[in-house]
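A.B. asks:
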Amino acid sequence: MSASQTSAPSSPRPAGPDGAASPRRLLEKLSPVSGARLGDFPVADEAEVRAAVARARAAFPEWRDTPLASRIEVLGRVKQVLAEQGEHYARKISEDTGKPTFEATMMEIGAVPLLLDYMLRRAPVLLRRQKVSTPIVLPGKSGFIEHFPRGVIGIISPWNFPFQLAVVPVLSALIGGNTVVLKQSEITPIVAGVVEDLFRRIGLPAGVVEIVHGDGSTGAALTRAEVDMLFFTGSVATGRKVMAAAAQRPIPVELELGGKDAMIVCADANLERAAEAAVWGGLVNCGQACVSVERIFVVDAIHDRFVEKVREKVSRVTVGGPDEQADMGPLTSSAQLGIVERHVNAAVAAGAKVVFGGEKLQRPGQFFAPTLLTGVTPEMEIFREETFGPVLPVIRVRDEDEAVRLANASEFGLAGSVWTQDIDKGLRLASRMECGQVSVNDVIQSVGHPALPFGGVRSSGIGRYHGDAGILAFMNTRGIMVDRGFLNSEPLWFPYAGKVSHGFELLKGITTRSLGSLVKGFLGLRKKMTRPK
Ligand code: NAD
1 MSASQTSAPS SPRPAGPDGA ASPRRLLEKL SPVSGARLGD FPVADEAEVR
51 AAVARARAAF PEWRDTPLAS RIEVLGRVKQ VLAEQGEHYA RKISEDTGKP
101 TFEATMMEIG AVPLLLDYML RRAPVLLRRQ KVSTPIVLPG KSGFIEHFPR
151 GVIGIISPWN FPFQLAVVPV LSALIGGNTV VLKQSEITPI VAGVVEDLFR
201 RIGLPAGVVE IVHGDGSTGA ALTRAEVDML FFTGSVATGR KVMAAAAQRP
251 IPVELELGGK DAMIVCADAN LERAAEAAVW GGLVNCGQAC VSVERIFVVD
301 AIHDRFVEKV REKVSRVTVG GPDEQADMGP LTSSAQLGIV ERHVNAAVAA
351 GAKVVFGGEK LQRPGQFFAP TLLTGVTPEM EIFREETFGP VLPVIRVRDE
401 DEAVRLANAS EFGLAGSVWT QDIDKGLRLA SRMECGQVSV NDVIQSVGHP
451 ALPFGGVRSS GIGRYHGDAG ILAFMNTRGI MVDRGFLNSE PLWFPYAGKV
501 SHGFELLKGI TTRSLGSLVK GFLGLRKKMT RPK
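Okay, so the sequence shown: first residue is 1 according to the UniProt record's numbering, each after it adds one.
Here is the structure:
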């Protein structure tokens, strides 16, 4: 439990069936900027989670059977609410997380209408029944594919982009006709209230989106409840627990987990742009993005020039709370501050050099200086584990091949980037990177490209969302085959007597693509389709 989530005295809860009021556990929220107390927030227990799932279950048939055009109309209202409430929501997000209000506006709120518009446009195409071609060996048949919702989806979200990472999965699940129980991070309870406000305002039928508030115990209760799928965004450690819980039933699970993203800077890169990108990509959201730049591989020929450019740019990054219009805010959780300090100190002890920053700032709140490290090597913890803080570790490499090899030598595989002015080479290197998204001459912004799938390999996760994948992730698939039903029997059905040689002929036709054998085999089988009287 972090400092911003220390337990506070319990408050009374509504009386239970026995008439006794049980105490409701509360979590205290402290400002990451000033340390001031921002409020106490309730933790839902197992019974409340189960009741929420039951309401979502009851709402499911009607929402599933609501015409897609009507679901699109309701979900489209999200854009209207964001147009009216966006500024208010952005300020609340900043208060809760400490992130600059510009980032809250663009990367949290702004991402939602972009991704939603794509979904609203693509859902009618993806979700309609599709006819598929049928091979000649299945005469008289036709095949169709259709998708149907999984049911009640349990969605568990993290604190680093608490608005976007809750709202986008919920919308992706709803559009196909699922209902949702959402559990957001206890570290950002104010944003959890904002998300609740958004879904209340669009006028969904009761039970279509149920929101339960609380900590890991509430999340664990959701994983044990009778949901039909779990969609989890968060750490690898919790992702393992979520998957283990899903295995008990078993139900499908999607995991969007951590990253240790590599940036590969080639000798022919636009160094000015690459340095600017390294600074933004490593420090945006105070480095607390799953797709932050966490390892910068720079080829020997330009290493020193590149590092000098980055040093100069890092030194100009301003740090402060949302009211100070700074570039970079504090760490959102005090536990995260501890991890960043540990990684930097261990790296320095193992021989890395601090070129800029390297320590906590002497001011109230959870501020750590933007930090540039050189001389980072694969043995260091900061090379292997997710830091999730404002640190740019630079690794000197001989050439691009060594960069790709080391980039892939990671437990993680979420995203990465390649920097070169030779686009063909950039694409070749991108294809060799073992991760779910790669940018050439850009960083992080690919997450906002609505048609691109998002997700990781290895410990970075299982499954994809965003783009078409984001709609289909929440759907079951059904194959349908239709026969007009004119014949009384089928060549494959009983009786088998006298069919073997015709079967061999048919097999020859299938394997050699011989039309003559196919026809001969079929005609032979047709003659044997009924038992002699
Ligand atoms: P976390 O795993 O600590 O918590 C995530 C959520 O899980 C919270 O809502 C938490 O209350 C809940 N939870 C905790 N214990 C649980 C349990 N036993 N069962 C069910 N739920 C439980 O992660 P975090 O610290 O909130 O988020 C940071 C991590 O998330 C980083 O590793 C980051 O890289 C990752 N992340 C990944 C993506 C992505 O899309 N791949 C996006 C953002 C963050």
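For every residue, glycine included, the Cβ atom is placed at its ideal position computed from N, Cα and C.
Since this is a predicted model, take the numbers as computed values, not measurements.
Can you tell me whether residue 535 is buried or exposed? The criterion is at least 16 other CB atoms within 10 Å of its CB, across all chains shown.
C.D. replies: Nothing can be reported for residue 535, as the shown portion of the chain is limited to 1 through 533.
A.B. asks: DSSP beta-bridge partners for G143?
C.D. replies: Partner(s): V132 and M481.
A.B. asks: Spell out the partners DSSP gives E256 in its beta bridges.
C.D. replies: T233 and G461
A.B. asks: Per DSSP, T512 forms a beta bridge with which residues?
C.D. replies: For T512, which the question treats as bridged, DSSP gives no partner whatsoever.
A.B. asks: Which word fits P135, buried or exposed, when buried means at least 16 other C-beta atoms lie within 10 angstroms of its C-beta?
C.D. replies: exposed
A.B. asks: Just verifying my parser: in three-state terms, what is the DSSP assignment at V417?
C.D. replies: Note on identity: in this sequence residue 417 is Ser, with Val being the wrong assignment. S417: strand per DSSP, three-state reduction.
A.B. asks: Beta carbon of V181, beta carbon of V317: below 9 Å?
C.D. replies: No, these two residues do not count as a Cβ contact at 9 Å.
A.B. asks: Within 8 Å: the Cβ of T420 and any heavy atom of ligand 1?
C.D. replies: no
A.B. asks: Anyone know if the C-beta pair for D40 and T332 falls short of 9 Å?
C.D. replies: no
A.B. asks: When you compare the stretch 228-235 with the stretch 209-216, are there three or more beta-carbon pairs, one atom per stretch, that lie closer than 8 Å?
C.D. replies: no
A.B. asks: Report the three-state DSSP secondary structure of K183 (helix, strand or coil).
C.D. replies: strand
A.B. asks: Let me confirm a value: T512 is counted as buried when at least 16 other C-beta atoms fall within 10 Å, else exposed. Which label applies?
C.D. replies: exposed
A.B. asks: Three Cβ pairs or more, each shorter than 8 Å: is that satisfied between the stretch 158-171 and the stretch 286-302?
C.D. replies: yes
A.B. asks: Using the Cα positions of S4 and P23, report the straight-line distance between them to the nearest angstrom.
C.D. replies: In this prediction, S4 scores a pLDDT of 35, lower than 50, which makes its location untrustworthy; the coordinate-derived value is nonetheless stated afterwards. Rounded to the nearest angstrom, the gap between the Cα atoms of S4 and P23 is 21 Å.
A.B. asks: What is the DSSP secondary structure of Q445, counted as helix, strand or coil?
C.D. replies: The answer is helix: DSSP assigns Q445 an H, G or I state.
A.B. asks: Any heavy atom of ligand 1 closer than 8 Å to the Cβ of K183?
C.D. replies: Yes, Cβ of K183 sits closer than 8 Å to a heavy atom of ligand 1.
A.B. asks: Where does T6 land, buried or exposed, given buried means 16+ other C-beta within 10 angstroms?
C.D. replies: Caution applies to T6, whose pLDDT of 33 falls short of 50 and renders its modelled position unreliable; the value that the coordinates give is listed next. T6 should be labelled exposed.
A.B. asks: Just verifying my parser: in three-state terms, what is the DSSP assignment at G16?
C.D. replies: Unreliable positioning characterises G16 in this predicted model, as indicated by a pLDDT of 46, which lies under 50. A coordinate reading is not provided.
A.B. asks: Can we count G214 as close to ligand 2, meaning its CB is less than 8 Å from some heavy atom?
C.D. replies: The model depicted lacks ligand 2 and carries ligand 1 instead.
A.B. asks: With H, G and I counted as helix, E and B as strand and the rest as coil, what does DSSP make of K499?
C.D. replies: coil
A.B. asks: Does DSSP classify F368 as helix, strand or coil?
C.D. replies: strand
A.B. asks: Quick one, are the C-beta atoms of E254 and G448 less than 9 Å apart?
C.D. replies: no
A.B. asks: Which first and last residues belong to the alpha helix (DSSP H) in which P169 is found?
C.D. replies: Q164 to I175
A.B. asks: Following a CB-centred definition, is I152 positioned closer than 8 Å to any heavy atom of ligand 1?
C.D. replies: First, the residue type needs correcting, since residue 152 is Val and not Ile in the sequence shown. Not under cutoff, so the answer is no.
A.B. asks: Among V227, K528, V125 and Y118, whose alpha-carbon lies nearest the alpha-carbon of A51?
C.D. replies: V227
A.B. asks: Quick one: Cα of Q366 to Cα of A69, how far?
C.D. replies: 47 Å
A.B. asks: Name the DSSP beta bridge partners of residue 560, please?
C.D. replies: This structure gives no information on residue 560, because the portion of the chain shown stretches from 1 to 533.
A.B. asks: Locate the alpha helix (DSSP H) running through S439, then write down its first and last residues.
C.D. replies: Where S439 is concerned, there is no enclosing alpha helix (DSSP H), although the beta strand (DSSP E) it sits in stretches over Q437 to V440.
A.B. asks: Which residue marks the beginning of the alpha helix (DSSP H) containing D304, and which one marks its end?
C.D. replies: H303 to V314
A.B. asks: With H, G and I counted as helix, E and B as strand and the rest as coil, what does DSSP make of T374?
C.D. replies: Strand.
A.B. asks: Are the stretch 142-150 and the stretch 118-132 in contact at 8 Å, needing three or more beta carbon pairs?
C.D. replies: yes
A.B. asks: CB-CB under 8 Å to G151, same chain, minus the five flanking residues each way: which ones, in chain order?
C.D. replies: R57, F60, N178, T179, V227, D228 and M229
A.B. asks: Can you tell me whether P252 sits near ligand 1, meaning its C-beta is under 8 Å from at least one heavy atom of the ligand?
C.D. replies: Not so, every heavy atom of ligand 1 lies at least 8 Å from the Cβ.
A.B. asks: DSSP three-state label for R92, please.
C.D. replies: As written in the sequence, residue 92 is Lys, which differs from the Arg given in the question. DSSP places K92 in helix when its eight states are reduced to three.
A.B. asks: Which runs of the alpha helix (DSSP H) spanning at least 4 residues fall entirely within the stretch 238-288, listed in chain order?
C.D. replies: The stretch 238-288 contains these whole alpha helix (DSSP H) runs: 271-283.
A.B. asks: Label L518 either buried or exposed according to how many other C-beta atoms from any shown protein chain fall within 10 Å of its C-beta, with 16 as the threshold for buried.
C.D. replies: Taking a 10 Å sphere around the C-beta of L518, we find 16 or more other C-beta atoms and assign the residue as buried.
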